[in-house]
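Participant:
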Amino acid sequence: MSEHEYVPKSKAGKWFNDRLPLLTLGAHLTDYPTPKNLNYWWTFGGILTFCLITQIVTGIVLAMHYVAHADLAFASVEHIMRDVNYGWLIRYIHSNGASMFFLAVYIHIFRSLFYGSYKSPREVIWIIGLMIYLLMMAAAFMGYVLPWGQMSFWGATVITNLFSAIPLVGDSITTWLWGAYSVDNPTLNRFFSLHYLIPFLILGLVVLHIWALHVPGNNNPVGIDIKKPSKDTVPFHPYITIKDAFALLVFMIIFAGFVFFTPNVLGHSDNYIPANPLVTPAHIVPEWYLLPFYAILRSVPDKLGGVILMFGAIFILFVLPWLDTSKVRSAVFRPIYRQFYWIFVIDVLMLGYVGAMPAEGIYLVLARVGTIYYFAHFIIVMPVVGLLEKTDPVPMSISEPVLSGGAEPSLARKVNDKV
Amino acid sequence: MSKEEKKVNRRDFLFTASYTVGAVGIGAVIWPMIDQMNPDKAQQALATTEVDVSSIEPGKSITVLWRGKPIFIKKRTSEEIAEARAVKLDDLPDPQKDEDRVKEGKDEWLVMLGVCTHLGCVPLKDKGDFNGWFCPCHGSHYDVSGRIRKGPAPTNMEIPKFEFVDSNTIKIG
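Just so you know, the sequences run in chain order L and P.
The opening position of the first sequence corresponds to residue 1 in the numbering used here, with each subsequent residue numbered one higher.
The opening position of the second sequence corresponds to residue 1001 in the numbering used here, with each subsequent residue numbered one higher.
Encoded structure:
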């Protein structure tokens, strides 16, 4: 995608590149023209790549010591924690790594929502990203089942029972998922197999995600189309690599803080009790990153309705590029939408909070209000605000606001006129 | 012209036949890959359990494991039976007579799957607003007959297939 064709300097390099143009790919990734105004919210792509690799590497190591059997799984996890050299470290990195992965992916998604990165011509990038997000949730759920503690067992029971809400075939599907008449050893076995598979599917989708990104190029905080390469762009290396590296370092400090100082704070102590099919823990909650969806599920007093809304809350994101009617991408120039955006952020955080609370009294009321707003934001706010809103003037180029020393576009235009 | 048309038709037939055979072949390979996930012979072999219920006092219950799921076996007192039968069917989200949930002549024995019909948790006994069971996961209340009264569960707790082998032994499954 570079303007000029890359030619390797050495003879051997040329020989190889003529047969497999890996060096051309490397040159493309190095020179890749990137908007020069990317802020730190754009560093989470690199951070997420780091998270995926961390999970794959630590996961492969854990699989060398873990036993996927209902009678042995719990003990084998304790064996990893107590006997295996550095097993505690590797497991804590893996379990906290899942949380850090979701933290990063939520920031990544909300960045996209704010700056309109999901909009034309980047719809396919957005949809591939959502597929990655769905696979992440599946992988995280199955991974949480593997230690075969009480939360593992009952989390698996509740989530697989969601499918029993499907009319007519629901029970057959649930039995098929279990491979038994309840969550049992066959369930654990297949969850381990799929938990090992999914990260590699994610890896494949990440390649497509980046490929699709490199066709139109990055969106940017002002959300305008830019010429590449031009004075509005900088080469990916070293400008973006060094910025990504710094952000990653800060991220790793927080990550290490969890791993070394409070490795169990995001987990649930009930999962240190071996699975017991006769006793359900008094208060079962999913991991924090699934809580908003759990709150939506519980806000509906009907089994099938709750399941439909919960899955709907995720699948509505797939049509988001077509629900947003605004021609302006970045919320920086959308004074009305910007306010709704922050209400939406607060709404999702509130749903997460009530998802962790008992489904009664004020929490149930908040969950219902939150659920209604969640859907209204996509179905009503986005199409209507996009049509009615009077947007602020958008700059002609990235250089314009940068050179004028502020993001105030009208001022920038005036200064430029004088020059 | 007519000769050419004939040729095209012959080719079309070959395409359609090939696609059909291919689709059948793919289906024949995919089905075993799907069906292998269903309960295997070893799981199906656990399909019946015999339980000795001679030691259960009236008003008490025991929990046994059948196919990996808890079964509640409760010997109800005559007051509890009367209470279950006094409920009007109109008050029930999933209307079912208590008589239809027990074996005739063995009305004191309630044998049911101890699994909440919402999302599969195990309800707690002697809890909830209806003197029966209460599910801690999402707040479903069941009455003394195991029928859903309040909360998100759509149906009554399920009655498994069971029979009395003799007066002290129940065979489930």
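All C-beta atoms in this analysis are idealised placements derived from N, C-alpha and C, irrespective of residue type, glycine included.
With 9 Å as the limit, tell me which residues of the segment 139-150 of chain L have their beta carbon closer than that to any beta carbon of chain P; keep them in chain order.
Facilitator: Result list empty, no residue passes.
Participant: When you compare the CB of THR1063 (chain P) with every CB in chain L, is at least one pair closer than 8 Å?
Facilitator: So, interface residue.
Participant: Please list the partners that ARG1067 (chain P) has in chain L, where partner means a Cβ-to-Cβ separation under 8 Å.
Facilitator: Near ARG1067 (chain P) (Cβ distances below 8 Å), the residues of chain L are ALA180, TYR181, SER182.
Participant: With distances taken between CB atoms, is the gap from PRO235 (chain L) to THR30 (chain L) smaller than 8 Å?
Facilitator: Yes; because the gap between Cβ atoms is below 8 Å, this pair is in contact.
Participant: Span of the beta strand (DSSP E) holding GLY1132 (chain P)?
Facilitator: First-last of the beta strand (DSSP E) with GLY1132 (chain P): 1131-1135.
Participant: Return the first residue and the last residue of the alpha helix (DSSP H) that MET310 (chain L) is part of.
Facilitator: 303-315 is the extent of the alpha helix (DSSP H) around MET310 (chain L).
Participant: What does the alpha-carbon distance come out to for the pair PHE318 (chain L) and TRP15 (chain L)?
Facilitator: The alpha-carbon atoms of PHE318 (chain L) and TRP15 (chain L) are separated by roughly 44 Å.
Participant: If you follow the beta strand (DSSP E) that TRP211 (chain L) is part of, which residue opens it and which one closes it?
Facilitator: Where TRP211 (chain L) is concerned, there is no enclosing beta strand (DSSP E), although the alpha helix (DSSP H) it sits in stretches over 185-214.
Participant: Among residues of its own chain, excluding the 5 on either side of ARG1129 (chain P), which ones have a beta-carbon nearer than 8 Å to its beta-carbon?
Facilitator: Residue 1129 (chain P) is actually Asp in this sequence, not Arg. If we look at ASP1129 (chain P) and ignore the five residues flanking it on each side, its Cβ neighbours are HIS1141, ARG1149, LYS1150.
Participant: Buried or exposed: which applies to VAL332 (chain L), given that a residue is buried once 16 or more other Cβ atoms fall within 10 Å of its Cβ?
Facilitator: It counts as buried.
Participant: Does the beta carbon of GLN1043 (chain P) come closer than 8 Å to any beta carbon on chain L?
Facilitator: Cβ-Cβ to chain L under 8 Å: yes for GLN1043 (chain P).
Participant: Is THR30 (chain L) helix, strand or coil by DSSP?
Facilitator: Correct three-state label for THR30 (chain L): helix.
Participant: Are any of the Cβ atoms in chain L nearer than 8 Å to that of PRO1095 (chain P)?
Facilitator: PRO1095 (chain P) does not count as touching chain L.
Participant: Just to make sure I have the definition right: I need the residues of chain P whose C-beta is within less than 9 Å of the C-beta of PRO277 (chain L). Which are they?
Facilitator: Going along chain P in sequence order, the residues near PRO277 (chain L) (Cβ under 9 Å) are LEU1065, GLY1068, LYS1069, PRO1070, VAL1122.
Participant: Please list the residues of the segment 1126-1140 of chain P that have a C-beta atom closer than 7 Å to any C-beta atom in chain L, keeping them in chain order.
Facilitator: For the segment 1126-1140 of chain P, which is checked against every Cβ of chain L, the residues closer than 7 Å are PRO1136, CYS1137, HIS1138, GLY1139.
Participant: Which whole runs of the alpha helix (DSSP H) in the segment 1027-1067 of chain P are 4 residues long or more, in chain order?
Facilitator: As far as the segment 1027-1067 of chain P is concerned, its whole alpha helix (DSSP H) runs of at least 4 residues are 1041-1045.
Participant: Counting pairs of beta carbons, one from the segment 48-67 of chain L and one from the segment 78-96 of chain L, are three or more of them closer than 8 Å?
Facilitator: Yes: the two stretches touch, three or more of their Cβ pairs being nearer than 8 Å.
Participant: Please name the residues in the segment 354-382 of chain L whose beta-carbon is closer than 7 Å to at least one beta-carbon of chain P, in chain order.
Facilitator: Listed by position, the residues of the segment 354-382 of chain L near chain P (Cβ gap below 7 Å) are ALA359, GLU360.
Participant: Between ILE379 (chain L) and the ligand MN, is the CB less than 7 Å from at least one heavy atom?
Facilitator: Ligands are entirely absent from the displayed structure, and the ligand MN is therefore not among its contents.
Participant: Thinking C-beta only, is LEU48 (chain L) closer than 8 Å to VAL105 (chain L)?
Facilitator: Yes. Within cutoff.
Participant: Would you please verify whether the beta carbon of HIS268 (chain L) is less than 8 Å from any beta carbon of chain P?
Facilitator: Output row for HIS268 (chain L): interface = no.
Participant: Quick one: give me the first and last residue of the alpha helix (DSSP H) that TRP342 (chain L) is part of.
Facilitator: TRP342 (chain L) -> alpha helix (DSSP H) spans 335-355.
Participant: By how many angstroms is the C-alpha of MET252 (chain L) removed from the C-alpha of LEU147 (chain L)?
Facilitator: The sequence given here has Pro at residue 147 (chain L), not Leu. Computed Cα separation, rounded: 25 Å.
Participant: Got a sec, what are the start and stop residues for the beta strand (DSSP E) TRP322 (chain L) sits in?
Facilitator: TRP322 (chain L) -> not in any beta strand (DSSP E); alpha helix (DSSP H) instead, spanning 320-323.
Participant: For chain P, find out if any of its Cβ atoms is closer than 8 Å to the Cβ of ALA12 (chain L); answer yes or no.
Facilitator: Output row for ALA12 (chain L): interface = no.
Participant: From this set, L:LYS228, L:THR24, L:SER152, L:PHE102, which residue's C-alpha is nearest ASN185 (chain L)'s C-alpha?
Facilitator: Cα-wise, what sits closest to ASN185 (chain L) is L:SER152.
Participant: For VAL77 (chain L), which of L:TYR363, L:TYR66, L:MET136 has the nearest alpha-carbon?
Facilitator: When only C-alpha atoms are compared, the closest one is L:TYR66.
Participant: Is the segment 1095-1106 of chain P close to the segment 1054-1074 of chain P, with three or more CB pairs under 8 Å?
Facilitator: They do not touch, by the three-pair rule.
Participant: From the DSSP output, in three-state form, read off ILE127 (chain L) for me.
Facilitator: Here ILE127 (chain L) sits in helix by DSSP.
Participant: For TYR86 (chain L), count neighbouring Cβ atoms within 10 angstroms of its own Cβ and tell me buried if that reaches 16, exposed if not.
Facilitator: Result: exposed.
Participant: Considering only the beta carbon of each residue, do ALA138 (chain L) and PRO199 (chain L) sit closer than 8 Å?
Facilitator: Result no, Cβ atoms of ALA138 (chain L) and PRO199 (chain L) do not sit closer than 8 Å.
Participant: Identify whether ILE284 (chain L) lies in helix, strand or coil by the three-state DSSP scheme.
Facilitator: Coil.
Participant: Helix, strand or coil for PHE1015 (chain P) per DSSP?
Facilitator: Helix at PHE1015 (chain P).
Participant: Taking 8 Å as the CB-CB cut-off, is ALA1028 (chain P) touching chain L?
Facilitator: Closer than 8 Å: no.
Participant: In chain order, what are the residue ranges of uninterrupted alpha helix (DSSP H) at least 4 long that sit wholly in the segment 84-134 of chain L?
Facilitator: Those alpha helix (DSSP H) runs which fall completely within the segment 84-134 of chain L and span 4+ residues are 87-115.
Participant: With a threshold of 8 Å between beta carbons, is ALA282 (chain L) in contact with chain P?
Facilitator: For ALA282 (chain L), the answer is yes, since a Cβ of chain P falls inside 8 Å of its Cβ.
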